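Inspection log for the structure reproduced underneath, given as structure tokens.
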Amino acid sequence: MASTMDDSRNKDAISSSTCFSHFCSSALRAKTLKSSSSANNSSDGLIRRLGVFDLILLGVGASIGAGIFVVTGTVARDAGPGVTISFILAGASCVLNALCYAELASRFPAIVGGAYLYAYTAFNEITAFLVFMQLMLDYHIGAASIARSLASYVATIFELIPALKGNIPPWVGHGGQEFFGGTLSINILAPILLAVLTVILCLGVGESSAVNSFMTAAKVVIVIFVIIVGSFKVDVDNWSPFAPNGVKHIFTGATVVFFAYVGFDAVANSAEESKRPQRDLPIGILGSLLVCVVLYVGVCLVITGMVPYNLLGEDAPLSEAFTSKGLKYVSILISIGAVAGLTTTLLVGLYVQSRLYLGLGRDGLLPSIFAKVHPIRHTPIHSQIWVGIIAAVLGGLFNVHILSHILSVGSLTGYSVVAACVVTLRWKNNTGNRVSSKCISTWCEGVLCIFLVACCGFAAGVLYRFGTHFIFMIVAVVIAIMACAALCFRQAYSDPPGFSCPWVPIVPSVCIFFNIFLFAQLHYEAWIRFIILSIVSVGIYAFYGQYHANPRSDETIIYHMAPEEDRH
């Protein structure tokens, strides 16, 4: 009897050891890149329809929503006219992140996946899945929240019709009809708008790109018109004092408006539908971001020049500024621009989500239905409908605006991982570093240095947030500089094909430090969300992903570079 029990325990121990070994071997798998001229030529794949101008408009459409008409004024109430510097600083930080994205988009030009794909290649399977889950929660909640805002703006425009003014019930567009103490908040217009955009995206990338291009062009024209008209009402005396509340509020404003630029990374997820991805993706990423910086700075100069910063409104500062100058028609244009801005932001957000689901479906980390592409429309219809349904349920039944303080975790996580990927993929003999016992310590040393930079960024952010003495922040910065120096002098770097991010590893290290610094500024519930979702993600991977991932002949999953004709 005792012998039988001992045998049973031994079998359980062996079984547990086998499961853990399988989990570790699966989680640590990584992709490599294999050149092939036959890549992505199948008749049922995505189709290359997007040129460089389409990609720039895609990035602008994702980045500039209604916030350009609101956040510029709300931040100016604290930073004063110095909000212009806040946007320039935040834009410069995003440019550094964009340089990292541009290099990897040029390095992996043929396949969708963005930050997920880069993490899978530079690190391993579990890291890539964690990045996907953090990004996807941001995308799902963000899409639902934007749909509600869009429904409210559309209802406002309908109320310009005298017969409808004040007669549109809240459950149609404005906010929502609440039940069960606010647990449910019914809004029927948001799901309708999401259904329309989902249908457009399912029709094909050409059709959805045309809609995005038209709406983005309209939005940009309205913003430029607002800047031009407002410039004639500027009183330069309103720009003095330039930083009424001190330089600290300018830097604090930069941490807030950083998120106004989020969206340029959407261009990286269109790799498989770009005509010449290796050339056009970096141009699209950097070009769209630079357009956004110019437009944001222009609006900041106008709004702080038209009205003294301390008199700006809270809900619609730009619209109120023009109304106070007797330019009511400009306020109407701003509402139209807000609708166009929210529409493109929502359209591109849904587009990116479906392409990420497509990538994971192909890899087997999600059910294979997400990997199916319509043979005629050349779009991942199942993935597209799925993300539309998720957004419609969230936007139609819940007041997701209250969850806005836990957003941006995915973006900051993705940006930091992408910057780390640039560093690790530049290391010479990267494959050997994972295999050779002599080189493993070198590779791990580099990863530990990157991790130390991130920890210092978080520590500096926490210290800044709680107003501790600046000397402690300096200590964190010095340690980060030492870790960056170790990356510079303890690792050998190679030149990548295509676009090259300058000053590696300094630029990626600065990106990681600042991104995690911003992470520390988020609401503490965002930190809790990051931890809980990471645990849930590991559980999903352990019970599904590790058993269904589809490695090729060895333990490496192969992705192909762009076809030769698309690389020139």
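Position 273 (the sequence shown) corresponds to 291 in my numbering; numbering is contiguous. Even glycine gets a Cβ: it sits at the ideal position worked out from N, Cα and C. Because the structure is a prediction, the values reported are computed rather than measured.
Spatial distance of residue i from residue j (CA atoms)
i      : j      : result
TYR119 : TYR433 : 8 angstroms
CYS502 : THR442 : 13 angstroms
GLU177 : GLY479 : 45 angstroms
PRO385 : GLY302 : 31 angstroms
PHE416 : GLY323 : 39 angstroms
ILE576 : ILE129 : Per-residue confidence for ILE576 stands at a pLDDT of 44, beneath the threshold of 50, marking its modelled position as unreliable; the derived number appears in the next sentence. One C-alpha to the other measures close to 11 angstroms.
GLY85  : LEU430 : 19 angstroms
ILE246 : LEU330 : 19 angstroms
VAL391 : TYR375 : 12 angstroms
VAL317 : GLY79  : 17 angstroms
ASN142 : ASN115 : 21 angstroms
ALA339 : ARG47  : 56 angstroms
PRO398 : TYR482 : 44 angstroms
GLU225 : LEU211 : 17 angstroms
GLU548 : PHE537 : Residue 548 is actually Phe in this sequence, not Glu. Going from the Cα of PHE548 to the Cα of PHE537 covers about 10 angstroms.
GLY264 : ALA97  : 8 angstroms
ALA57  : LEU64  : Confidence at ALA57 is low in this model, with a pLDDT of 44, below 50, so the placement of that residue should be treated as unreliable; the coordinate-derived value is given next. About 11 angstroms.
SER512 : VAL252 : 51 angstroms
PRO523 : ALA173 : 49 angstroms
GLY475 : ALA504 : 17 angstroms
PRO209 : TYR369 : 16 angstroms
SER35  : VAL496 : 43 angstroms
VAL315 : ILE74  : 18 angstroms
VAL554 : VAL311 : 37 angstroms
HIS396 : PHE198 : 43 angstroms
ALA356 : LEU107 : 25 angstroms
TYR157 : ALA334 : 25 angstroms
GLY382 : TYR559 : 11 angstroms
SER81  : CYS37  : 44 angstroms
Where residue i sits in the DSSP three-state scheme
i      : result
GLU463 : helix
LEU384 : coil
LEU68  : strand
SER124 : helix
LEU330 : coil
CYS394 : The sequence as given places Ile at residue 394; Cys does not occur at that position. The answer is coil: DSSP assigns ILE394 none of H, G, I, E or B.
PHE260 : coil
ILE489 : helix
TRP404 : helix
LYS266 : helix
GLY450 : Caution is warranted here: a pLDDT of 45 is assigned to GLY450, below 50, making its placement in the model unreliable, and the coordinate value is therefore given only provisionally. Helix.
GLN195 : strand
LYS346 : helix
HIS566 : helix
SER111 : helix
SER426 : coil
SER518 : coil
SER292 : strand
Buried or exposed by the 16-neighbour rule on C-beta atoms within 10 Å, applied to residue i
i      : result
TYR136 : buried
CYS112 : buried
ARG452 : Residue placement at ARG452 is flagged as unreliable, the pLDDT there being 48, under the threshold of 50; a coordinate-derived value is accordingly withheld.
LEU122 : buried
ARG66  : buried
CYS42  : exposed
TYR347 : exposed
HIS566 : exposed
PRO180 : exposed
CYS462 : exposed
ASN328 : exposed
TRP445 : buried
HIS40  : exposed
PRO187 : exposed
Segment limits, beta strand (DSSP E) that includes residue i
i      : result
PHE243 : No beta strand (DSSP E) holds PHE243; the alpha helix (DSSP H) holding it covers 223-249.
PHE535 : First-last for PHE535: 524-537, but that is the alpha helix (DSSP H), not the beta strand (DSSP E).
LEU202 : 202-204
N-terminal and C-terminal residue of the alpha helix (DSSP H) that residue i is part of
i      : result
PHE176 : 143-176
PHE548 : 542-558
PHE277 : Taken as a continuous stretch (DSSP letters only), PHE277 belongs to no alpha helix (DSSP H), as it is neither H nor E.
CYS318 : 295-324
GLY91  : 89-97
ALA510 : That residue, ALA510, is in no alpha helix (DSSP H); it is neither H nor E in DSSP.
LEU135 : 133-140
8 angstroms Cβ cutoff, residue i in contact with chain D
i      : result
LYS293 : No chain D is present in this structure, which holds just one protein chain.
Flag this pair as touching only if the region 417-429 and the region 533-552 have three or more C-beta atom pairs under 8 angstroms; answer yes or no. yes
Should the region 219-235 be called in touch with the region 349-356, which here means at least 3 C-beta pairs below 8 angstroms? no
Segment contact flag, the region 394-410 with the region 253-263, C-beta cutoff 8 angstroms, min 3 pairs: no
Check whether the region 199-219 and the region 282-290 are in contact - that is, three or more C-beta pairs closer than 8 angstroms. no
With contact counted as at least three CB pairs below 8 angstroms, one residue from each stretch, are the region 188-208 and the region 163-172 in contact? yes
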